[in-house]
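Accompanying notes for the structure given below.
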Amino acid sequence: MKLYMVPLAPNPTKVMLYIAEREQLGVHMHIEQIVVNTVKGRHKEPEHLARNPFGTVPTLALDDNSHIVESLPIVDYLEDKFPHNTLYIGTPEQRAKARDLERIIDLRIGGPMGAYGHATKSPLGRPPEPEKAAQYLQAMQTPMDYLEQLLSDGRPLLGGDQVNVADCTMQSSLQFMRFIEVDVFGDRPLLRAWDERYRARPAAQTVLKW
Ligand SMILES: N[C@@H](CCC(=O)N[C@@H](CS)C(=O)NCC(=O)O)C(=O)O
38 MKLYMVPLAP NPTKVMLYIA EREQLGVHMH IEQIVVNTVK GRHKEPEHLA RNPFGTVPTL
98 ALDDNSHIVE SLPIVDYLED KFPHNTLYIG TPEQRAKARD LERIIDLRIG GPMGAYGHAT
158 KSPLGRPPEP EKAAQYLQAM QTPMDYLEQL LSDGRPLLGG DQVNVADCTM QSSLQFMRFI
218 EVDVFGDRPL LRAWDERYRA RPAAQTVLKW
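Using the working numbering, the final residue of the sequence shown is 247, and nothing's skipped along the way.
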């Protein structure tokens, strides 16, 4: 299998962190990671569009040369394909809550963070849009309060004691914020401490560049 990715972008980083966390659990998926240089526009060129007509990363090429083009289904596929030491564990309720948390983060924080990054200092060269940026910043406040509240029970990671895809998703967006040199934590000491704790993990150390 091959994962077409680019290091800074949040959605590929989510999958890369997920793969690195599984590696730490002893699951070696042997996925070759290939950079598609989005700054040079390679993701919109015929070679990548043949893999993914939407011209986005990540894209996972399966061994039969078919493709999965959405980050979360890539994670779900790898959970199914390598069913030992998975990240989604426990009862149906625990697994559902883990997925729920990942979706909350991706849709309510990751989306606004990505949009905020592109509206302020886009690595893809998009023009600044200060008014929209302020709206995106505002939109992520309530969900970040929600995470601060979750962490108030002393849990080390966002979903509890075990690493969760939610940690990977949150950290992939935060890396983008570090790249544009914006501190989004505000007065949320627990979230800030989680950020430092997560970034010290071996998986994070191998994947995160910012
Ligand atoms: N829903 C998709 C979103 C993929 C996506 O938009 N990826 C971004 C990088 S984080 C991208 O390729 N952007 C380039 C573009 O849309 O031109 C997923 O979860 O994989």
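Using N, Cα and C, we set each Cβ at its ideal position, and we do this for glycine too.
Residue burial classification, residue i (beta-carbon count within 10 angstroms, cutoff 16)
i: residue 105; result: buried
i: residue 247; result: exposed
i: residue 88; result: buried
i: residue 121; result: exposed
i: residue 154; result: buried
i: residue 143; result: buried
i: residue 223; result: exposed
i: residue 147; result: buried
i: residue 126; result: exposed
CB of residue i within 8 Å of CB of residue j, strictly
i: residue 58; j: residue 124; result: yes
i: residue 240; j: residue 54; result: yes
i: residue 213; j: residue 83; result: no
i: residue 139; j: residue 202; result: yes
i: residue 209; j: residue 50; result: yes
i: residue 204; j: residue 235; result: yes
i: residue 43; j: residue 112; result: no
i: residue 195; j: residue 177; result: no
i: residue 165; j: residue 152; result: no
i: residue 64; j: residue 119; result: yes
i: residue 216; j: residue 62; result: no
i: residue 86; j: residue 78; result: no
i: residue 150; j: residue 115; result: no
Unbroken beta strand (DSSP E) run spanning residue i, endpoints
i: residue 38; result: From DSSP, residue 38 is part of no beta strand (DSSP E); its letter is neither H nor E.
Host alpha helix (DSSP H) of residue i (start-end)
i: residue 206; result: 202 to 216
i: residue 162; result: Taken as a continuous stretch (DSSP letters only), residue 162 belongs to no alpha helix (DSSP H), as it is neither H nor E.
i: residue 132; result: 129 to 142
i: residue 240; result: 239 to 244
i: residue 174; result: 167 to 176
i: residue 230; result: 226 to 236
Short CB-CB distance (under 8 Å) between residue i and chain B
i: residue 211; result: Of the protein chains in the structure, only one exists, and it is not chain B.
#### Entry: Touch test, the region 79 to 99 against the region 178 to 192, Cβ-Cβ under 8 Å, three pairs minimum
Between the region 79 to 99 and the region 178 to 192, the count of Cβ pairs shorter than 8 Å is below three; the stretches do not touch.
### Query
Is the number of C-beta pairs between the region 151 to 170 and the region 135 to 143 that are closer than 8 Å three or more?
Segments in contact, no.
#### Entry: Contained beta strand (DSSP E) runs [length at least 3] in the region 57 to 120, N- to C-terminal order
Here the runs fully enclosed are 69 to 72 and 96 to 98.
### Query
How do the region 168 to 176 and the region 56 to 74 stand: do at least 3 beta-carbon pairs fall below 8 Å, yes or no?
Output reads no: the region 56 to 74 does not touch the region 168 to 176.
### Message
Counting beta carbon pairs with one atom in the region 38 to 46 and one in the region 223 to 231, are three or more of them shorter than 8 Å?
### Response
Contact between the region 223 to 231 and the region 38 to 46 is absent, with fewer than three C-beta pairs closer than 8 Å.
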